[in-house]
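K.L.:
Following the working numbering, the numbering of the sequence shown begins with 125 at its first residue and continues without gaps. The structure is given below, and queries will be raised subsequently.
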Amino acid sequence: MPDPETQSTILDPKSHSRARLPGISEQQAVNPPNHSGYAPPALVTQIDRLRSQSVPVSRVAVEEPEQLQDDLQGKPCPENHLQPWLENISAAIPPSHPPSVPTSGLVTQTAHTKSDEEDGLQESEHLHADLQEKLGLDLQAFQWDPRLRIVFHNADGNTGMKLVSAGAQQFLAEPKAIIRTPNDPLLVELMGCQQSRSDTKCVFTLGSLQCQFHFIAHSDDVLLRNRSDQSITLLSRTPGVCSKQVTGPGMTLIQPAQWRITCGEYAVDMQLMPRSYFLHVEEEPWTGAVKRPASDSTSVIPAKKAKAPAGAVNVNPPPGPVAQAHTVERREVPGPVWAGVSLKNNQVMQVTDAVTGLPEYSLRRSSDWFYKRPYGEIFKAILDDGRSNPKAVLVKRVVFRTTSRSREEAAKASEVAAEIFKQEMVAHRRLQHDRIVRLLGWDARLLCLYVEHKPINDLSSPFWRFDNGPDTGYFRGEIGNAYSILANISSALAYLEKNKLLHNDIKPGNILYSKVDLPATGPYSATAAGAVLIDFGLAGPAGTISTGGTPWYIAPEFFHDVRDSGADVFALGVVLLYAMRRIMLPEVWRRYPGWAIGDVRHRTPQAIKAMMAWNDEIVTQREQLKAAGLHARETELRALVYRMLLPWTQRIEISELAEATSEW
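Here you go:
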């Protein structure tokens with residue numbers, strides 16, 4: 125599966141990413157054979173044939189993720205109301221002297237002699253100036269990929285523009301309102317981008333004009349951030365839409381319309397289109413007989429045919445207020461899925477392509493279980509992409525709540541949520557390890573991650589933790605479980621280190637554990653006995669210092685702004701103290717209340733005091749591990765955990781730890 129960072133297309137006509145005409149060489153498609161803009165008749169014939177087949181003239185080949193791919197189709201745009209004016213311009217040009225436009229922005233594909241070119245030069249330049257002044261995107265009826273969210277047109281063509289996006293394209297298009305001879309089409313260079321399932325934003329550059337366009341989850345609006353050194357002006361070309369000025373740096377919320385963006389001497393026309401998908405929710409949940417392993421339903425039903433317009437959502441009335449889940453015990457409570465969208469158990473939500481009307485994929489909620497956390501919500505569902513067997517998933521919807529009613533503030537919150545989504549998606553999608561849960565899919569348009577769901581319990585759950593009696597808070601398992609946990613998770617951490625990644629949140633709640641093998645059943649894949657690492661919401665590249673995590677598992681060197689792979693080793697050491705029944709689950713140990721991790725970096729006295737008290741407890745537990753165990757394997761386990769909890773300059777390396785436990 126390709127990495128989204130490497131798959132993002134950088135459209136720069138001066139670089140290697142160039143537009144391609146189907147069946148025509150890259151050189152012919154973007155650079156006409158001579159500086160006058162003319163092409164040989166063979167090229168004209170090929171273009172005419174493509175046009176007669178209603179195929180977009182050109183499209184950059186972009187590698188989409190393997191999961192939930194889009195099917196790209198062309199669709200002609202409607203004629204505009206200024207066609208008569210454009211026809212008059214075209215009719216005034218003698219057929220014997222078709223104009224050539226000496227820029228890369230407008231390219232005439234025909235063959236002329238040098239004398240013909242000189243005779244028509246003045247007339248051509250006049251037409252070019254007229255077209256560039258009056259022929260904006262709002263006046264051009266082009267044929268382009270109907271899934272494009274943003275299209276850019278510069279008077280000087282694509283040469284100076286640069287667009288970074290996984291769904292980026294550059295292409296040639298012909299204004300239909302211009303009447304030309306079949307052998308003399310007038311082609312205009314355009315650049316655009318789709319809102320793909322991997323994209324949260326696109327970055328546009330033209331000289332000193334630099335903008336970021338942040339797609340807002342399940343919205344037609346886009347947040348524009350001005351990254352230029354000076355102010356930019358957004359001139360609306362759509363009636364009823366106000367023009368704007370944005371300082372540098374600054375931001376504004378823009379709606380689908382035609383815009384002209386200017387920054388100093390640079391200007392570009394931009395067309396923002398509505399999103400090309402909509403959500404359809406079943407009116408009533410399916411209530412047929414279903415076989416359920418544990419608490420999850422396993423059968424899948426087709427959703428009703430979507431009939432809503434693009435952007436519409438058919439929903440049931442939302443349920444009552446959602447109960448707040450405890451940080452350790454995840455409660456079985458119903459909850460919202462998206463703003464204005466609530467799914468009941470067994471109810472289906474379908475994501476539908478607004479262009480074709482066909483379903484892209486569907487989710488059926490498989491349990492009332494719902495987990496709410498500060499930056500997201502999680503629920504269980506069955507994912508069906510229509511191409512492979514339905515799969516059980518945990519749907520992780522990333523949100524960033526705001527109390528402000530301002531649309532701009534809500535857009536900024538969505539931007540933060542998009543960055544959180546992108547970080548986890550980039551970190552998790554390329555991981556393939558038996559002891560790491562798989563990321564089965566994602567959709568940046570909804571800020572949702574679809575993580576493989578395994579029907580086993582995490583180490584902090586009541587299944588593995590006593591919640592009453594004298595052993596309240598302690599691990600229910602045996603010493604043999606600790607061997608397996610250490611061997612499996614150290615193997616996963618060694619794999620992360622090879623990939624230059626840190627997990628940054630190793631704790632019992634992020635480790636699933638089963639004593640026995642589980643066979644594949646319905647939408648569930650087979651699971652081997654042992655431990656599996658989950659939740660990559662805080663994962664990041666090695667060399668960066670994350671301020672996230674759970675306080676009792678943060679290594680003491682964090683106080684000195686150090687957090688590397690050794691920090692994950694220390695956290696696993698604390699988990700092993702719990703699995704060896706040396707300590708109770710730290711989250712429920714009232715003797716050591718938690719603290720804000722960020723406050724430690726800010727040297728807040730209360731946080732530092734709490735962290736030092738906890739570290740003293742860990743040192744005490746570590747020193748007690750020097751005593752021999754009941755048998756050789758337990759003594760070896762004690763020695764390894766002792767080394768995992770040493771100061772970071774003396775701590776055992778993850779590679780050595782994985783090798784030492786590889787035969788366990």
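Ideal Cβ placement from N, Cα and C applies to all residues, glycine included.
Taking the straight line between their C-alpha atoms, what separation do you get for Gln293 and Glu741?
P.N.:
Looking up residue 293 in the sequence shown gives position 169. Looking up residue 741 in the sequence shown gives position 617. For Gln293 and Glu741, the distance between alpha carbons rounds to 58 Å.
K.L.:
For Leu625 versus Ala679, is the C-beta distance shorter than 8 Å?
P.N.:
Translated into positions along the sequence shown, residue 625 becomes position 501. Translated into positions along the sequence shown, residue 679 becomes position 555. No, the Cβ-Cβ distance between Leu625 and Ala679 is not below 8 Å.
K.L.:
Expressed to the nearest angstrom, what Euclidean distance is found between the alpha-carbon atoms of Leu377 and Leu272?
P.N.:
As a working mapping, residue 377 is identified with position 253 in the sequence shown. As a working mapping, residue 272 is identified with position 148 in the sequence shown. Roughly 19 Å separates the two Cα atoms.
K.L.:
Are there 16 or more other CB atoms within 10 angstroms of the CB of Gly673, so buried, or fewer, so exposed?
P.N.:
Locating residue 673 in the sequence shown gives position 549, counting from the first residue. It counts as buried.
K.L.:
Please return the same chain residues whose Cβ sits closer than 8 Å to the Cβ of Leu696, not counting the five positions on each side in sequence.
P.N.:
By 1-based counting over the sequence shown, the position of residue 696 is 572. Hits under 8 Å: Leu610, Ile613, Ser614, Leu617, Ile630, Met768.
K.L.:
Assuming Leu359 contacts Phe328 (C-beta within less than 8 Å), just tell me the rounded distance between them.
P.N.:
Position 235 of the sequence shown, counting from 1, holds the residue named residue 359. Position 204 of the sequence shown, counting from 1, holds the residue named residue 328. No, Leu359 and Phe328 are not in contact; Cβ-Cβ is about 16 Å, not under 8 Å.
K.L.:
Anyone know if the C-beta pair for Arg569 and Arg687 falls short of 8 Å?
P.N.:
As a position in the sequence shown, residue 569 is number 445, starting the count at 1. As a position in the sequence shown, residue 687 is number 563, starting the count at 1. It is not a contact, given that the beta carbons lie outside the stated cut-off.
K.L.:
If you draw a straight line from the C-alpha of Asp509 to the C-alpha of Phe682, how long is it?
P.N.:
Here the question's residue 509 lines up with position 385 in the sequence shown. Here the question's residue 682 lines up with position 558 in the sequence shown. Going from the Cα of Asp509 to the Cα of Phe682 covers about 43 Å.
K.L.:
Per DSSP, which residues does Ile385 bridge with? Please list them.
P.N.:
Residue 385 sits at position 261 when you count from the first residue of the sequence shown. DSSP, once it has assigned bridges, lists Leu358, Val392 as partnering Ile385.
K.L.:
Can you give me the C-alpha to C-alpha distance between Gly364 and Pro380, rounded to a whole angstrom?
P.N.:
Here residue 364 refers to the residue found at position 240 when the sequence shown is read from its first residue. Here residue 380 refers to the residue found at position 256 when the sequence shown is read from its first residue. Straight-line Cα distance between these residues: approximately 12 Å.
K.L.:
With 16 as the cutoff for other CB atoms within 10 Å, does Gln170 come out buried or exposed?
P.N.:
For the purposes of this step, residue 170 is taken as the residue at position 46 of the sequence shown. Because Gln170 carries a pLDDT of 37, less than 50, the predicted location of this residue cannot be relied on, and no value is offered for it.
K.L.:
With a cut-off of 8 Å on the beta carbons, I'd call Met735 and Trp713 a contact; round off their distance for me.
P.N.:
In the sequence shown, counting from the first residue as 1, residue 735 sits at position 611. In the sequence shown, counting from the first residue as 1, residue 713 sits at position 589. Not confirmed; about 15 Å, so no contact.
K.L.:
Report the three-state DSSP secondary structure of Met375 (helix, strand or coil).
P.N.:
The sequence position of residue 375 within the sequence shown is 251, counting from 1. Looking at Met375 - three-state DSSP - the assignment turns out to be strand.
K.L.:
Given a threshold of 16 other Cβ atoms within 10 Å of its Cβ, counted over all protein chains shown, does Ser486 qualify as buried or as exposed?
P.N.:
On the sequence shown, position 362 is the one that residue 486 refers to. That one is buried.
K.L.:
Taking only three categories from DSSP, how would you classify Asn581?
P.N.:
Your numbering for residue 581 matches position 457 in the sequence shown. Asn581: strand per DSSP, three-state reduction.
K.L.:
May I ask you to report which of helix, strand or coil DSSP gives Gly364?
P.N.:
Counting from one through the sequence shown, the residue named residue 364 turns up at place 240. Gly364: coil per DSSP, three-state reduction.
K.L.:
Helix, strand or coil for Met315 per DSSP?
P.N.:
One-based indexing of the sequence shown puts residue 315 at position 191. Met315: strand per DSSP, three-state reduction.
K.L.:
Compute the distance between the beta-carbons of Asn350 and Gly374, then report whether it is under 8 Å.
P.N.:
For the purposes of this step, residue 350 is taken as residue 226 along the sequence shown, with counting starting at 1. For the purposes of this step, residue 374 is taken as residue 250 along the sequence shown, with counting starting at 1. Yes, the pair counts as a contact, with Cβ atoms nearer than the cut-off.
K.L.:
Can at least three beta-carbon pairs, one atom from the segment 590–609 and one from the segment 510–517, be found at a separation below 8 Å?
P.N.:
No: the two stretches stay apart, fewer than three of their Cβ pairs being nearer than 8 Å.
K.L.:
Under a Cβ-count criterion, where at least 16 other Cβ atoms within 10 Å of its own Cβ denotes burial, should Cys387 be classed as buried or exposed?
P.N.:
Taking the sequence shown and counting its residues from 1, one reaches residue 387 at position 263. Under this definition Cys387 is a buried residue.
K.L.:
Return the chain-ordered list of same chain residues with a C-beta closer than 7 Å to the C-beta of Trp738, the five sequence neighbours on each side being excluded.
P.N.:
Reading the sequence shown from its first residue, position 614 is the one you call residue 738. Excluding sequence neighbours, Trp738 sits near Trp676, Tyr716.
K.L.:
Roughly how many whole angstroms lie between the Cα atoms of Glu313 and Ile134?
P.N.:
Your numbering for residue 313 matches position 189 in the sequence shown. Your numbering for residue 134 matches position 10 in the sequence shown. The alpha-carbon atoms of Glu313 and Ile134 are separated by roughly 16 Å.
K.L.:
Given a cut-off of 8 Å on the beta-carbon distance, is the pair Leu348 and Phe337 in contact?
P.N.:
Position 224 of the sequence shown, counted from the start, is the residue given in the question as residue 348. Position 213 of the sequence shown, counted from the start, is the residue given in the question as residue 337. Yes, the pair counts as a contact, with Cβ atoms nearer than the cut-off.
K.L.:
Could you give the uninterrupted runs of the beta strand (DSSP E) lying entirely in the segment 619–656, keeping only those of 3 residues or more?
P.N.:
Runs found: 635–638.
K.L.:
Would Gly593 be called buried (16 or more neighbouring beta carbons within 10 Å of its own) or exposed?
P.N.:
Residue numbering aside, residue 593 sits at position 469 when the sequence shown is read from its first letter. Exposed.
K.L.:
Between Leu507 and the rest of its own chain, which residues show a CB-CB distance below 7 Å, the 5 nearest in sequence each way excluded?
P.N.:
Position 383 of the sequence shown, counting from 1, holds the residue named residue 507. Same-chain partners within the cutoff: Tyr485, Leu487, Pro514, Lys515, Val517, Leu564, Gly565, Tyr574.
K.L.:
For Phe660 versus Glu501, is the C-beta distance shorter than 8 Å?
P.N.:
To locate residue 660, count along the sequence shown from 1; it is residue 536. To locate residue 501, count along the sequence shown from 1; it is residue 377. No, they are not a contact pair.
K.L.:
Assuming contact is defined by CB atoms lying nearer than 8 Å, are Leu781 and Val724 in contact in what I supplied?
P.N.:
Locating residue 781 in the sequence shown gives position 657, where the first residue counts as 1. Locating residue 724 in the sequence shown gives position 600, where the first residue counts as 1. Result no, Cβ atoms of Leu781 and Val724 do not sit closer than 8 Å.
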